[in-house]
Every structure is written in C-alpha cells, then in structure tokens.
C-alpha cells in the first residue's frame, strides 16, 4: 500500500507573509501523520510505512520565483536566482522534516533540483532511485516544489503538484491525497463536491487560487488528478487522519 | 572537454575543528576556479564551462558519521542520524556554493542523498540527469560526500571520492583533479611522485590520512583513480589553476 500525500504550500506556510512557516498547522499535520504511521504498522510510528510526502512552496519558493521571473516554462540562467529559489524551498523543507521527526516520523529529504531535468519540450525526467530505496528502508521521503534544470531555459519551476503526479505514476501509488486550505473542491454554493469523475462536471466552479501561486490553482490540480490511475482526494487539514486511515475525506477524484 | 574537480574535505574545512569552514582556503580556490572558467570561455566567468565540482566532508560529515556509527558499509535506520549527516554536509555545501557564486562561478548544488541508492551488495545507482542538464545549461554542479539509501542498511556513507569516480565514468570526463592538502602523492622522502601507472609502484609509500576520515586515505584514492579511463591528477591547492588550465600539477595517475 503506497500513499502519496501532498501538503499544500498554503497549509504549511503563512502564504501572504514572506518565508513564514505556519508552525501550529505543521505540527498538527505531523502529529496526524505520526498517528497514522503508528496505526498502519501497529508497532510505533517509526516503523516502515510506504508514505511519500510532497509539500508546496507557499510563501517560500513563490516569492523568489516571481522575483526572478521564473515559471514552469520560463527559466533563468542566473545561478544566483536559481539558488535563491532552491535554498528557500530547502529552508521550508527543513522545517517540515524537523516537525515530522519531532513526532517520530522517519522523514528524510529528497530535493528535486538534484534529481530531475526537463528537455526542450518541457518533459520531465525524474529518476526515483533514492525515493524508492528510502521507502524500502522504512523512511518517509519528503519532496517539494523546487527548481529544475531545463534544456534551453536554465532552471524553471517544478511544482509540488507535478511531483505528486510523477510520484503517483512512478511508484504505482494506491492513494493520493492533497491537503489544501479548503475542505475539498467547492461548488458555487461553497459546498464540498463529494466526487469528480470528469472535468466538465466542475469546470464552471473552478477559478485560480486566492493568493500568489505561480503553479496554478484548483482547476489544474483537478485536471491532472483525473488523469491518474489511483484515486485522489482533496481535503483540508482536518481530513489528513481520515485519509491516512483509508477513508474518503473531502472530494474524491477518480 | 569535461572536467571533474574534487576539493578535499580537509582543504575546504579545518578538519580537526568540528564544522568549521576554512574560509580563506575556500575563497582562494573559488577565485582560481573563476579565473579558469573565464579563460576557458573567453567571455567572462559566468559563461558555460563543463566543470563538475565535488567536495568531501572534512569536519562536517565525518563527525556525525562517526557519532552514528555509519560507514560506507554499515548504515543507520535512524532518520535523525541520517539527517544529521546530510544537513551537516548541506551546510558545508552552501558555504562552497556561496564562495563560488561570490566569484561569479555559476554553481548549483546536487545533493547525492536525493539522487542515488545502493543495493544489498553495496553497488551504487546514481542517475545524473540533473547534473548533466545543469552542465548543459552552463551551470557548475557541486556534489559532495553524503549519506545514501542502502538496501538492508538504511543510510550509509557515500564518499566524495566514490562520487568523483562515478562522475568521471558517467560523464565520460576528459580530466579528473583531486585537490588535497598535500602537493601530490608523496614517496618516503616526502617528494611528489610525478606519475603513477600501477599501484604496486607506490604501495609501500601509502598509509592512511592524518586526521579523522571514515572514507579512506590516499591508498584508496590511488587505486580507484588508476581504474579510470581519464587521467587523474592529485595536487595541493596551489595546483588548481594549473590543472584547470590543462597542465599537470602534482601527481599524474593514469
């Protein structure tokens, strides 16, 4: 049973305040993840569990990406710019790791800039030898939105959502969860849509996200999640425990 | 023309003082690398140059590896231990990157824990998609000794020297340079041996290194460098400019 859990950048950071971790939210998530890991193995939360975590950039990566004019398609050849984006994301990643480890989750980082590459068409290669071996050894690999070397563009943005999709496919994941600031995909009355099976069903409800985000909002997420083999769930922070316990919080996309 | 340059951990750190960068030595090396890059392209030191840099652990990684009993063969399943080793190496890597970037070398990090894996026999997989693309886009990838996920062992040590050998082979490097604290491989009179073509010629001269080092001394370096297709050079910090200019400082191993 392989699970991919995305922690939205706007959940683990204060997205409107530059480079600010939301420590309380992060700690609560770490506690829920630790509880689920302990339940899954029945032998304490530091025992093996096939869980890979991905987090977004929130107020860390996005500001730097905007400052350097870097998107998923338009890059920079400035090593200074690329390093600014990458180091900001590693700072956030360290906060996530520390919170998870303080709750006995055996989390270790996998930094995508070190791993992947895009060709001139933007297609991504992301060899997951490290991620797979870390999972096999009982660790919880924690990836994140990052920069990525891109043929002809220098370094472009690799979004957390793109990593989630790649992990789900490459690891043949059984379940994918996206923890967002909202309790699910909402209809125009503000209610959670329980199930989405086609984008046409919900296209009229979906706009952009409500704060700075160079990597797209809910519409893009739903479209990519529909393309996965595994069922995906979109839920708020209160849905993490239920998702990791095998339940169906928020919106199921399949 | 692809060049791999190793900066020994004992060159860029004060190896007997825990987690202490040798700022003066590092800055002088960065200046020499910048000068060589500018000369190679004839158009300023931030222009493309096929140079990959690797640095060792010095007083950063080795202390933590010893504390956690981690070697290249014996690992840890403690995420705390593995993260301690990895984060110490990333701190040193950041100092190396900052020094190189301050001299206009377009350096970006590649963290091996994120990339590679060992199987149960200890054989290393290290997919270099990111390193290759960074080189192709004109960046100078900077790798380092690190931890690596190892089947059945958790996380073991991946030495800078092992990375150098892998880079040299996988990138089909033309020249490999190892910048050490000594001006070359020394004979029993303390003189630099100009050329080594077989280990038997020098086996009696080579002992271990003179300070804490979990990853072996000069004897191991010479043996692995002899196995490379590319010529390798062992030299002191004063030999970096000559090496990058195409000369033969110190000891040539081929």
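Residue numbers (the UniProt record's numbering), protein chains in the order written: chain A, 1 to 254; chain B, 1 to 254.
By construction, the Cβ of each residue, glycine as well, lies at the ideal position given by its N, Cα and C atoms.
- When only Cα atoms are considered, residue 196(A) and residue 25(A) end up about 27 Å apart.
- Within the segment 80 to 165 of chain A, the beta strand (DSSP E) runs of at least 3 residues that lie entirely inside it are, in chain order, 107 to 109, 140 to 144, 146 to 150 and 154 to 158.
- Between the segment 60 to 73 of chain A and the segment 8 to 17 of chain A there are three or more C-beta pairs closer than 8 Å, enough to call the two in contact.
- Close CB contacts of residue 231(B) within its chain, under the 8 Å cut and outside five residues either way in sequence, are with 175, 176, 252, 253 and 254 (chain order).
- Straight across, the Cα-Cα distance linking residue 5(B) with residue 138(B) is about 16 Å.
- Proximity of the segment 134 to 152 of chain B to the segment 128 to 138 of chain A meets the contact definition, three or more beta-carbon pairs being nearer than 8 Å.
- Excluding residues up to 5 positions away in sequence, 57, 60, 61, 144, 145 and 146 lie with their Cβ nearer than 7 Å to the Cβ of residue 89(A) in the same chain.
- In this chain, the beta strand (DSSP E) harbouring residue 233(B) covers 232 to 235.
- Contact of residue 138(B) with chain A is assigned, a C-beta pair being separated by under 8 Å.
- Chain B places no beta carbon closer than 8 Å to that of residue 162(A), leaving this residue out of the contacts.
- Within the same chain, no residue comes within 6 Å of residue 229(A) by CB-CB distance, once the 5 residues on both sides are set aside.
- Listed in chain order, the positions of the segment 140 to 153 of chain A with a beta carbon within less than 7 Å of a beta carbon of chain B are 149 and 151.
- DSSP places residue 15(A) in the coil class of the three-state scheme, outside both helix and strand.
- The three-state secondary structure of residue 55(B), taken from DSSP, is strand.
- When the alpha-carbon of residue 199(B) is set against those of 225(B), 184(B), 28(B) and 189(B), the nearest one is in 225(B).
- In this structure, the straight-line span from the alpha carbon of residue 82(A) to that of residue 246(A) is close to 39 Å.
- In the three-state reduction of the DSSP assignment, residue 247(A) falls in the coil class.
- Taken atom to atom, the span from the alpha-carbon of residue 241(A) to that of residue 28(A) is near 10 Å.
- With contacts defined as CB atoms closer than 8 Å, residue 131(A) and residue 37(A) fail to qualify as a contacting pair.
- Beyond the five residues adjoining it in sequence on each side, residue 154(A) comes within less than 6 Å, by CB distance, of 75, 76 and 77 in the same chain, given in chain order.
- The CB of residue 116(B) comes closer than 7 Å to the CB of 129 and 130 in chain A, given here in chain order.
- Beta-bridge partners of residue 253(A) (DSSP): 196(A) and 232(A).
- Residue 17(A) is classed as exposed because its beta carbon has fewer than 16 other beta carbons within 10 Å across all chains shown.
- Bounds of any beta strand (DSSP E) do not take in residue 224(B); it lies within the alpha helix (DSSP H) bounded by 218 to 226.
- Within chain A, the C-beta atoms nearer than 7 Å to that of residue 133(B) come from 117, 149 and 151, in chain order.
- Rounded to the nearest whole angstrom, the C-alpha separation of residue 71(A) and residue 120(A) is 15 Å.
- Of the residues 2(B), 192(B) and 100(B), the one whose Cα lies closest to the Cα of residue 35(B) is 100(B).
- Beta-bridge partners of residue 21(A) (DSSP): 13(A).
- Residue 106(B) has its alpha-carbon roughly 19 Å from the corresponding atom of residue 67(A).
- Cβ-Cβ distances below 6 Å link residue 187(A) to 193 and 205 in the same chain, with the five nearest sequence neighbours on each side left out; the list follows chain order.
- Within chain B, the residues whose beta carbon sits less than 7 Å from that of residue 97(A) are 83, listed in sequence order.
- Listed in chain order, the positions of the segment 7 to 30 of chain B with a beta carbon within less than 8 Å of a beta carbon of chain A would be empty, since no residue qualifies.
- Listed as beta-bridge partners of residue 177(B) by DSSP are 5(B) and 233(B).
- Residues of chain B whose Cβ lies closer than 8 Å to the Cβ of residue 125(A) are, in chain order, 129.
- Assignment of residue 204(A) by DSSP, reduced to helix, strand and coil, places it in the helix class.
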